[in-house]
Amino acid sequence: DAGITQSPRHKVTETGTPVTLRCHQTENHRYMYWYRQDPGHGLRLIHYSYGVKDTDKGEVSDGYSVSRSKTEDFLLTLESATSSQTSVYFCAISDMGRTNTEAFFGQGTRLTVV
Amino acid sequence: AQKITQTQPGMFVQEKEAVTLDCTYDTSDQSYGLFWYKQPSSGEMIFLIYQGSYDEQNATEGRYSLNFQKARKSANLVISASQLGDSAMYFCANEKGYSTLTFGKGTMLLVSP
Chain R
1 DAGITQSPRH KVTETGTPVT LRCHQTENHR YMYWYRQDPG HGLRLIHYSY
51 GVKDTDKGEV SDGYSVSRSK TEDFLLTLES ATSSQTSVYF CAISDMGRTN
101 TEAFFGQGTR LTVV
Chain X
1 AQKITQTQPG MFVQEKEAVT LDCTYDTSDQ SYGLFWYKQP SSGEMIFLIY
51 QGSYDEQNAT EGRYSLNFQK ARKSANLVIS ASQLGDSAMY FCANEKGYST
101 LTFGKGTMLL VSP
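These protein sequence lines map, in sequence, to chains R and X.
In this text, residue positions in the first sequence follow the numbering used here: the first is 1, and each later residue adds one.
In this text, residue positions in the second sequence follow the numbering used here: the first is 1, and each later residue adds one.
Okay, structure coming up:
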């Protein structure tokens with residue numbers, strides 16, 4: 001299994017509070033991603049990183065920011081959490097350039113905003 | 001914009017039978033990749049199979065094969081000899097730049113004894 005750790009695994013927070021989710025990898029993969037999963041929507045890309053300090057927006061980036069100061073860590077921040085951000089968040093990594101370039105996913109973080 | 005369509009919200013199959021999960025994609029890219037992932041009730045995302053747009057043969061991985069019809073823009077997953085452990089949600093996804101993925105909404109597969 002790819003070495004990806006998401007923390008926390010579960011979190012309940014109040015509307016308006018800041019929240020940071022962490023993704024840590026031990027695979028030295030260059031590319032990292034944050035997706036959210038909601039019923040009826042599959043997984044949707046929030047932000048991704050193609051190198052240290054290199055990030056870009058995905059399909060559903062509003063209300064989220066990211067940072068990557070080291071290869072192994074990719075942080076997702078909700079500056080002011082809203083109920084619409086209640087979701088399951090998945091981090092993924094990829095080693096683009098290999099044969100299949102498949103993304104490996106973390107275990108997910110279930111975030112509830114009340 | 002990339003789009004993945006999975007028209008089957010749920011599928012039922014008996015153990016040991018084969019099942020096909022449908023996926024159509026919409027892309028204007030000449031080079032692209034298609035993936036299938038499995039998500040069991042425990043929640044993790046498990047990579048199953050990959051098909052590149054220039055691959056001449058359909059991809060196979062054990063009991064999984066991908067029926068790739070480029071002209072029809074379809075990439076259906078075929079699971080042969082279904083097992084109880086195959087009960088899960090299955091997602092088709094299209095790869096874009098930097099290996100970002102656009103997912104379909106998924107198909108829930110239930111395998112009965």
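Here a beta-carbon is modelled for each residue, glycine too, at the ideal position from N, C-alpha and C.
Only a predicted model underlies this, so the values are computations on that prediction, with no experimental measurement involved.
Inset, instruction - Determine the chain X residues that contact E102 of chain R at a beta-carbon separation under 7 Å, and present them in chain order. - result: Proximity of chain X to E102 of chain R at the Cβ level (cut-off 7 Å) is accounted for by F35, F47, Y50, in chain order.
Inset, instruction - Establish whether the CB of G10 of chain X and some CB of chain R are separated by less than 9 Å. - result: no
Inset, instruction - Count the C-beta pairs between the stretch 16–36 of chain X and the stretch 92–99 of chain X that are closer than 8 Å, then say yes if the count reaches three, no if not. - result: Cβ pair count under 8 Å is three or more, so yes.
Inset, instruction - Confirm, please, whether the CB-CB distance from Q107 of chain R to G85 of chain X is below 9 Å. - result: no
Legend entry - Cβ neighbours of Q39 of chain X in the same chain (closer than 8 Å, five flanking residues each side left out): M45, I46, A88, M89, Y90, F91, G106
Inset, instruction - Determine the extent of the beta strand (DSSP E) in which S28 of chain X is found, giving its start and end residues. - result: No beta strand (DSSP E) holds S28 of chain X; DSSP gives it neither H nor E.
Legend entry - Contact list for the stretch 54–86 of chain X against chain B, Cβ threshold 8 Å: The displayed structure is made up of protein chains R and X, and chain B is not among them.
Legend entry - Neighbourhood of G63 of chain R by C-beta, 6 Å cutoff - its chain only, sequence neighbours within 5 removed: none
Legend entry - Exposed unless 16 or more other CB atoms sit within 10 angstroms - verdict on Q69 of chain X: exposed
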